[in-house]
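Asker:
Numbering (our numbering), first residue to last: 3 to 367.
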């Protein structure tokens, strides 16, 4: 059973026939190319993947228009989601092959009842240097002290508007003041910078760019302006998408002395700072200037599928293999096969808009 399931999982990666030379998966091959060679988490373009993003739930307490389709989504039953032990086992396996950074996403990760335990156990895994979370901030004021105590190192908070009425329109829920309280709590507890993710949409919140920049004058915030990206059900179109160079021009018009910051090798954000301001800003240009060439990220969905690219529609189920009691070596063979097939770059925004993919809420932000 394990051999047939392993072959099925590999076919789900390649869409072709896969030959397994042994049940321990010591050498899984496609044609004449051995895919289980070291290092396991390096793809054919030399990119080493040391960053794992794990969606711990499909559920969310908001209904953001760009993330969840208006009609909602069909959620997986709990029995089809990764358990805490399964999350820890997979993270341990990835850490043994070079992953050092983990980010927990959702859905909304803080709605998972055992999120504190998950953070603590991941933080204890040998090789893991950083545990971060991306949250909408709704429950943060109450939960962040325990998350920090468990070992949470970094925090990103999604907030697309500074206007309470618009917040309700964009999220289809109340809660603006609770998010602001959560941001204040993060600053109070010493998180610096607190990263704020802002998805910019023309005609909706693009006129607030300057307000967000001004917010960094006295607060240790890193405001990251994100180009609107196409996912199933979010009604993406090019007219709504504000390219980063247009956003940058708007900021420079008001703050001509804006300085470029030095980015880390795998940064997705192009960093800038207004001289004298406590915080900084950045632009994530996924659509107009992709950063695929330095991508070091892998993703696990809440239902246990591995995605090597946020925008790709190829997935491989690690949950099925876990529950068939496959060994770590067998799992590594499947993971290696998927990583080796990662494409050089995504298909471009116009092609992505036509591709079938999950809604954002079922991938993990």
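Where a beta carbon is used, it is the ideal one built from N, C-alpha and C, also for glycine.
Model, not experiment: these values are computed from the prediction.
Buried or exposed: which applies to residue 285, given that a residue is buried once 16 or more other Cβ atoms fall within 10 Å of its Cβ?
Answerer: Within the chain shown, residue 285 is the residue found at index 283, counting from 1. Classification for residue 285: buried.
Asker: Under three-state DSSP, which class holds residue 347?
Answerer: Here residue 347 is taken as the residue at index 345 of the chain shown, counted from 1. The answer is coil: DSSP assigns residue 347 none of H, G, I, E or B.
Asker: Out of curiosity, what's the CA-to-CA distance linking residue 249 and residue 215?
Answerer: On the chain shown, residue 249 is found 247 positions in, with the first residue counted as 1. On the chain shown, residue 215 is found 213 positions in, with the first residue counted as 1. Whole-angstrom Cα-Cα distance: 11 Å.
Asker: For a test of the three-state rule: what should DSSP assign to residue 249, helix, strand or coil?
Answerer: To locate residue 249, count along the chain shown from 1; it is residue 247. Correct three-state label for residue 249: helix.
Asker: Rank 292, 57 and 77 by C-alpha distance to the C-alpha of residue 92 and give the top, closest one.
Answerer: Position 90 of the chain shown holds residue 92. It is 57 whose Cα lies nearest to the Cα of residue 92.
Asker: Can you grab the Cα-Cα spacing for the pair residue 345 / residue 190, in whole Å?
Answerer: By one-based count along the chain shown, residue 345 stands at place 343. By one-based count along the chain shown, residue 190 stands at place 188. Each residue's Cα considered, the two are about 42 Å apart.
Asker: Tell me which residues share the same chain as residue 221 and place their Cβ nearer than 7 Å to its Cβ, disregarding the 5 neighbours each side in the sequence.
Answerer: As a first step, residue 221 must be located in the chain shown, where it is residue number 219. Here the set comprises 189, 280 and 281.
Asker: Can you give me the Cβ contacts of residue 28 inside the same chain, cut-off strictly under 6 Å, excluding the 5 residues immediately before and after it?
Answerer: Sequence index remark: in the chain shown, residue 28 carries index 26 (1-based). Because the pLDDT of residue 28 is 36, which lies under 50, any placement of that residue in the model is unreliable, and the number read from its coordinates should be weighed accordingly. Cβ neighbours of residue 28 beyond the five flanking positions: none.
Asker: Check whether the stretch 83-100 touches the stretch 264-278, taking contact to mean three or more Cβ pairs, one atom from each stretch, closer than 8 Å.
Answerer: Too few Cβ pairs lie closer than 8 Å, so no.
Asker: Return the CA-CA distance between residue 140 and residue 66, expressed in angstroms with no decimal places.
Answerer: By one-based count along the chain shown, residue 140 stands at place 138. By one-based count along the chain shown, residue 66 stands at place 64. Each residue's alpha carbon lies about 13 Å from the other.
Asker: Looking at the secondary structure, which residues open and close the beta strand (DSSP E) in which residue 103 lies?
Answerer: In the chain shown, residue 103 corresponds to position 101, counting from 1. Where residue 103 is concerned, the enclosing beta strand (DSSP E) stretches over 103-107.
Asker: Taking all protein chains shown into account, decide if residue 421 is buried (16 or more other Cβ within 10 angstroms of its Cβ) or exposed.
Answerer: Residue 421 falls outside the range modelled here, since the chain spans only 3 to 367, and no answer is possible.
Asker: With DSSP collapsed to three states, give me the class of residue 75.
Answerer: For the purposes of this step, residue 75 is taken as residue 73 along the chain shown, with counting starting at 1. Looking at residue 75 - three-state DSSP - the assignment turns out to be coil, as it is neither helix nor strand.
Asker: So, at 6 Å on beta carbons, what are the nonlocal neighbours of residue 138 in its own chain, with the 5 sequence-adjacent residues on each side left out?
Answerer: Counting from 1 along the chain shown, the entry for residue 138 is found at position 136. Excluding positions up to five away in sequence, the list reads 64, 110 and 160.
Asker: For the structure I just gave you, are there three or more beta carbon pairs, one from the stretch 292-310 and one from the stretch 250-260, closer than 8 Å?
Answerer: Cβ pair count under 8 Å is below three, so no.
Asker: For residue 133, tell me which candidate among 170, 166 and 90 has the shortest Cα-Cα distance.
Answerer: As a working mapping, residue 133 is identified with position 131 in the chain shown. Checked all of 170, 166 and 90; the closest Cα to residue 133 is 90.
Asker: In angstroms with no decimal places, state the Cα-to-Cα distance between residue 347 and residue 332.
Answerer: Along the chain shown, read from residue 1 onward, the residue named residue 347 stands at position 345. Along the chain shown, read from residue 1 onward, the residue named residue 332 stands at position 330. Roughly 27 Å separates the two Cα atoms.
Asker: Is there a Cβ of chain E sitting closer than 7 Å to that of residue 164, yes or no?
Answerer: No chain E appears in this structure, which consists of one protein chain only.
Asker: For residue 85, name the three-state secondary structure that DSSP assigns.
Answerer: Along the chain shown, one-based indexing puts residue 85 at 83. DSSP places residue 85 in coil when its eight states are reduced to three.
Asker: For residue 136, is the classification buried or exposed, using 16 other Cβ atoms within 10 angstroms of its Cβ as the cut-off for buried?
Answerer: For the purposes of this step, residue 136 is taken as the residue at position 134 of the chain shown. Buried is the call here.
Asker: For residue 158, which residues in the same chain have their Cβ closer than 6 Å to its Cβ, ignoring the five residues on either side in sequence?
Answerer: The residue you call residue 158 lines up with position 156 of the chain shown. Cβ neighbours of residue 158 beyond the five flanking positions: 136, 197 and 199.
Asker: Please tell me whether residue 162 and residue 201 are closer than 7 Å, where the distance is taken between their beta carbons.
Answerer: Position 160 of the chain shown, counted from the first residue, corresponds to residue 162. Position 199 of the chain shown, counted from the first residue, corresponds to residue 201. Yes, the Cβ-Cβ distance between residue 162 and residue 201 is below 7 Å.
Asker: I'd like to confirm something about residue 90: is its beta-carbon nearer than 6 Å to some heavy atom of the ligand MN, or not?
Answerer: Of ligands this structure carries none, so the ligand MN is not represented either.
Asker: Quick check: what's the CA-CA separation for residue 263 versus residue 88?
Answerer: Locating residue 263 in the chain shown gives position 261, counting from the first residue. Locating residue 88 in the chain shown gives position 86, counting from the first residue. Using only the alpha carbons, I get a separation of about 39 Å.
Asker: On the CB-based measure, 16 or more other CB atoms within 10 Å of its CB, does residue 178 come out buried or exposed?
Answerer: By one-based count along the chain shown, residue 178 stands at place 176. Buried, because 16 or more other Cβ atoms sit within 10 Å of the Cβ of residue 178.
Asker: Roughly how many angstroms separate the alpha carbons of residue 112 and residue 327, rounded to a whole number?
Answerer: In the chain shown, the residue the question calls residue 112 occupies position 110. In the chain shown, the residue the question calls residue 327 occupies position 325. Near 29 Å, if we compare the C-alpha coordinates of residue 327 and residue 112.
Asker: Rounding to the nearest angstrom, what Cα-Cα distance links residue 114 and residue 59 in this structure?
Answerer: Translated into the one-based positions of the chain shown, residue 114 becomes position 112. Translated into the one-based positions of the chain shown, residue 59 becomes position 57. Near 7 Å, if we compare the C-alpha coordinates of residue 59 and residue 114.
Asker: For residue 172 and residue 76, what's the separation of their Cα atoms in angstroms?
Answerer: Position 170 of the chain shown holds residue 172. Position 74 of the chain shown holds residue 76. Residue 172 and residue 76: Cα-Cα distance of roughly 21 Å.
Asker: Exposed or buried, what is residue 212 when buried is set at 16 or more other beta-carbons lying within 10 Å of its beta-carbon?
Answerer: In the chain shown, the residue the question calls residue 212 occupies position 210. With fewer than 16 Cβ atoms within 10 Å of its Cβ, residue 212 is classed as exposed.
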